[in-house]
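So the sequence shown is numbered by our numbering: it starts at 1391 and just counts up by one.
Each residue gets a CB set at the ideal place from its N, CA and C atoms; glycine is no exception.
In this text, all values refer to a predicted model and were calculated from it rather than measured experimentally.
Here the structure comes first, spelled out in structure tokens, and everything after it is commentary.
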Amino acid sequence: MITDGTKVGWPKEITDKITKQSVHGIENYVYKDRPKTLDELLRNTVGKYPDKVALIFEDESITYRELDRLVNNIAGALINDCGIQKGDRVGLLFKNCIEIVTGMFGAIRAGAIVLPLNNKLKSAELKYQLENSGTKLLMGESEYYEPTIAPIRNEIACKQFYLSGEPIPGTMPFSALTEKNAAEDIRVPMDEEDTVWIVYTSGTTGKPKGALSSHIDGIHSVMSYTFCYNITPEGRGIIAVPLFHVTGLFAQLITLIFAGGSSVIMPKMDAAEMIRLIAEKHVTHTLSVPTVYIMMMNHPDAQKYDLNHFRIGAFGGAAISAESVRQIGEWIPGIELHNTYGLTEVSSPATMMPHQYSSRKPASIGWPTPVTQLKIADPETFEEMLVNVEGELWIKAPNVTKGYWEMPEATAKSITDGWLHTGDVASIDEEGFVYIKDRLKDMINRGGEKIFSVEVEDVLYTNLKILEVVIVGVPDEKFGELVKAVVVPKAGINITEDEVKEWVITRMAKFKTPTYVEFVKELPRNSNGKIIKKELRYVP
């Protein structure tokens, strides 16, 4: 089953913008009129809205004109003072802040390849990514120097460090990159298929892989978000997810820059602060993991402010129950809810749910974006599957990565004739809507019976005593695997193991009922908000 983003039902004013072109050697749908580089994207918006606020962070705000000046200063310093040449790798180790934005666009304008680094990396993990990528210069915050950089400094080839915050002997202040006005407008020749990012995957199996993203990849991602969410220059987004991850980077920051809107940047996620900022900064939309909405909706401040201007609530990165979607709609009547699915390897989006179908297709992750084709394939034979039959989801689009940095075998294993193998079990219905069932590696096999964790989670989410739940498989000598439910009860609510099991057994086949139930105060998550299932696969 193949579903084509140009044919599923996106408005004609979007599909009329599309033609075909070879991208990374594969024919793809593309947007006709587009910036050719991310630097051109920024320049276009600066030209249209020079005095409009681009970024808001705590008590600081800067206009697009000011952003462009800082970016040009950094680009000039990188080239003239640091010796950065086109294609050199530049790392960024920040929390969400204005400096990570100016640093990344400054590096892009200088022609460098940007390495957004997870600020929770340990020294050994940081060393691997810096050495694997051959990073030449690192920008970051001084708070990460002693615990993370100092232990490996003499072991890595990277010797230039520009850090904001407290001065560190042997490093340069980040301000040294911004304070000297560049003598000229920095323009490095670039092609739209030039690699501009190396974004490392989480490395749940083996070493992290550096997914390559070109200008054309990121530009198609942000254009799809802008057109499909109808983001306008009046849009104001709030970014609570990390900017070193594709969701914060492409789905929010660069989308708002392309549209000419404003970004409210949070240093970290905090439910009460996010609610306050949405109200006080007149935020119109965001995209985050479902947990963020659940936390805000259940916070004591949820009803404290008028949030009627909050127009778009997009979510992705994890499954969300139909019940949670319903509750969010009750919390903020009139909000447009868009389920969104993507991966690092596609610079964020592969599918989006048109908001008018959210209630009719609550279990779906939506249609392919207008420039995306999707198909369901047998993970072993690669044979194309029929309508409503589960298999592995494959993606073909201009924003599919051209591969992994210096990993040709991993690239060949993951991409077949331009189709990216996602590792997700899914199906596609007659209307082209996609349904994620599980990760291939997370699907539970109980004595030959296949159990998708999402379907059991959906049933448990209808129990109003449960705030969050995750289903995992645990080893068993007799059946191979058994079902385990890890439950976060709502505050002040008691629920028993028998209640959890009874809730499932009366609504699903008996073999899908959890054998084990564990109650926890919160679920383990990585820095992107995704649940770390491997930490839960033990018998309680």
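Residue i versus residue j: straight-line alpha-carbon distance, rounded
| i | j | result |
| --- | --- | --- |
| Ile1637 | Val1878 | Residue 1637 is actually Thr in this sequence, not Ile. Spanning the two alpha carbons is a distance of roughly 25 Å. |
| Ile1785 | Leu1810 | 5 Å |
| Ile1474 | Leu1646 | 28 Å |
| Cys1618 | His1675 | 13 Å |
| Ala1547 | Glu1521 | 7 Å |
| Thr1595 | Asp1575 | Bear in mind that a pLDDT of 49 at Thr1595, under 50, signals an unreliable position, so the model cannot answer this. |
| Met1562 | Tyr1534 | 14 Å |
| Glu1569 | Asn1463 | 7 Å |
| Lys1924 | Lys1831 | 11 Å |
| Gly1555 | Ser1565 | 10 Å |
| Gly1838 | Ile1895 | 19 Å |
| Glu1908 | Val1873 | 11 Å |
| Gly1870 | Gly1415 | 43 Å |
| Arg1897 | Val1844 | 14 Å |
Residue j beta carbon less than 9 Å from that of residue i
| i | j | result |
| --- | --- | --- |
| Ser1748 | Leu1639 | no |
| Leu1933 | Ile1861 | Residue 1933 is absent from the model: the chain starts at 1391 and stops at 1930. |
| Ile1621 | Leu1857 | no |
| Asn1509 | Leu1483 | yes |
| Ile1353 | Asn1486 | One cannot answer for residue 1353 here, as it falls past the ends of the chain, which runs 1391 to 1930. |
| Asp1365 | Val1790 | With the chain running from 1391 to 1930 in the structure shown, residue 1365 is simply not present. |
| Asp1441 | Arg1424 | no |
| Lys1599 | Ala1899 | no |
| Ile1834 | Ile1841 | yes |
| Arg1750 | Ile1725 | no |
| Leu1697 | Ile1722 | yes |
| Val1413 | Pro1788 | yes |
| Thr1427 | Ile1498 | yes |
Whole-Å CB distance - residue i paired with residue j, under 8 Å assumed
| i | j | result |
| --- | --- | --- |
| Ala1929 | Tyr1906 | Note that residue 1929 is Val in the sequence shown here, rather than Ala. Right, the Cβ-Cβ distance comes to about 6 Å (below 8 Å), so this counts as a contact. |
| Tyr1590 | Gln1693 | In fact, because the Cβ distance is near 40 Å, the residues do not count as touching under 8 Å. |
| Val1398 | Val1761 | Not quite, the Cβ-Cβ distance comes to about 12 Å (not below 8 Å), so this is no contact. |
| Arg1915 | Val1864 | Actually they are not in contact, since the Cβ atoms of Arg1915 and Val1864 sit about 20 Å apart, beyond 8 Å. |
| Gly1530 | Arg1479 | Not a contact, Cβ separation roughly 14 Å. |
| Lys1671 | Ile1446 | 6 Å |
| Asp1429 | Met1580 | 7 Å |
| Met1391 | Val1777 | 5 Å |
| Ile1469 | Ala1500 | 5 Å |
| Thr1393 | Gly1882 | Going by Cβ atoms, the distance from Thr1393 to Gly1882 rounds to 44 Å, so no, they are not a contact pair. |
| Trp1587 | Val1504 | 5 Å |
Chain-order list of residues whose beta-carbon lies under 6 Å from that of residue i (same chain, five-residue window excluded)
| i | result |
| --- | --- |
| Met1743 | His1728, Asn1729 and Gly1756 |
| Ala1740 | Tyr1731, Gly1732, Thr1762 and Ile1785 |
| Ile1644 | Val1612 |
| Phe1551 | Leu1528 and Thr1561 |
Contacts around residue i, its chain only, beta-carbon distance under 8 Å, and the 5 residues preceding and following it disregarded
| i | result |
| --- | --- |
| Ala1514 | Ile1542 |
| His1689 | Ala1661, Ala1662 and Ile1665 |
| Ile1452 | Val1443, Ala1444, Leu1445, Leu1460 and Ile1488 |
| Ile1921 | Ala1708, Val1860, Leu1913, Pro1914 and Arg1915 |
| Glu1624 | Gly1651 and Thr1674 |
| Arg1829 | Gly1813, Asp1814 and Val1815 |
| Lys1422 | Lys1407, Ile1408 and Thr1409 |
Secondary structure of residue i, DSSP reduced to three states
| i | result |
| --- | --- |
| Leu1432 | helix |
| Thr1591 | coil |
| Leu1460 | helix |
| Asp1828 | strand |
| Lys1765 | strand |
| Gln1519 | helix |
| His1605 | helix |
| Met1775 | coil |
| Gln1475 | coil |
| Val1578 | coil |
| Asn1729 | strand |
| Ala1444 | strand |
| Ser1749 | coil |
| Pro1541 | helix |
| Asn1916 | coil |
| Ile1883 | coil |
| Arg1943 | Past the edges of the chain, shown from 1391 to 1930, lies residue 1943, and the structure says nothing about it. |
| Glu1796 | coil |
| Phe1901 | helix |
is_contact[residue i, chain C] using C-beta, thresh 9 Å
| i | result |
| --- | --- |
| Phe1495 | The structure shown contains no chain C; it is built from a single protein chain. |
Same chain, Cβ closer than 7 Å to residue i, five either side skipped, listed in chain order
| i | result |
| --- | --- |
| Thr1734 | Val1589, Thr1591, Ala1601 and Val1636 |
| Pro1752 | Ala1712 and Val1715 |
| Thr1396 | Thr1405, Ile1408, Tyr1419 and Pro1760 |
| Ala1767 | Glu1773, Glu1774, Met1775, Gly1781, Glu1782 and Trp1784 |
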